[in-house]
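Numbering-wise, this note's numbering puts 1027 at position 74 of the sequence shown, and it's gapless, one number per residue.
Working notes, beginning with the structure itself.
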Amino acid sequence: MLQKLDRMLVNQEWQQGNVGWRSKILTRKLSDHNPIVDWNSCIPKPHNIPFRFRKAWTHHESLKAVVEASWNEPLYDVPIRKVVKKLKRLKQKLKIWSSEIFGSQAQHIKVLEDELEQIIKAQESDPSPEGI
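Put into structure tokens, the structure is as follows:
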């Protein structure tokens, strides 16, 4: 028998006090329960999300050329601001380069999650010990 046990309970007063609140039941991964993610849709997404350098970039042969090209572009300002502006410019170029070379990381994760879900479903439907 298959039952869905993962639930989120709230009362009417809580709903009225949290109008922009949303929730989503995610696919299970490591447990036999589905995680539930909640968020407030009225809170705007911040614009100052930190830049993350990906270790996978270091294995690509064109990374050095992208960094050198960006860093060697002329920039006229006082020395300390030059460094800050060059780093900011490099960040933008690396984001563009990464999306062109590696594509959307979110899309890759979605494909892998779908594949994992298919494997789990196949194992659940196969009652033989070899399916485990």
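All C-beta atoms, glycine included, are put in the ideal place defined by N, C-alpha and C.
By DSSP, does aspartate 991 sit in helix, in strand, or in coil? strand
Buried or exposed: serine 1057, going by 16 or more other Cβ atoms within 10 Å of its Cβ? exposed
Serine 1051: buried (16+ other C-beta within 10 angstroms of its C-beta) or exposed? buried
What separation, rounded to the nearest whole angstrom, lies between the Cα atoms of isoleucine 996 and aspartate 1079? 44 Å
Counting only the same chain and skipping the five closest in sequence on each side, list residues whose C-beta sits under 7 Å from that of leucine 1028. Lys1035, Lys1038, Lys1039
Could you spell out the range, first to last residue, of the beta strand (DSSP E) harbouring arginine 1042? First-last for arginine 1042: 1032 to 1055, but that is the alpha helix (DSSP H), not the beta strand (DSSP E).
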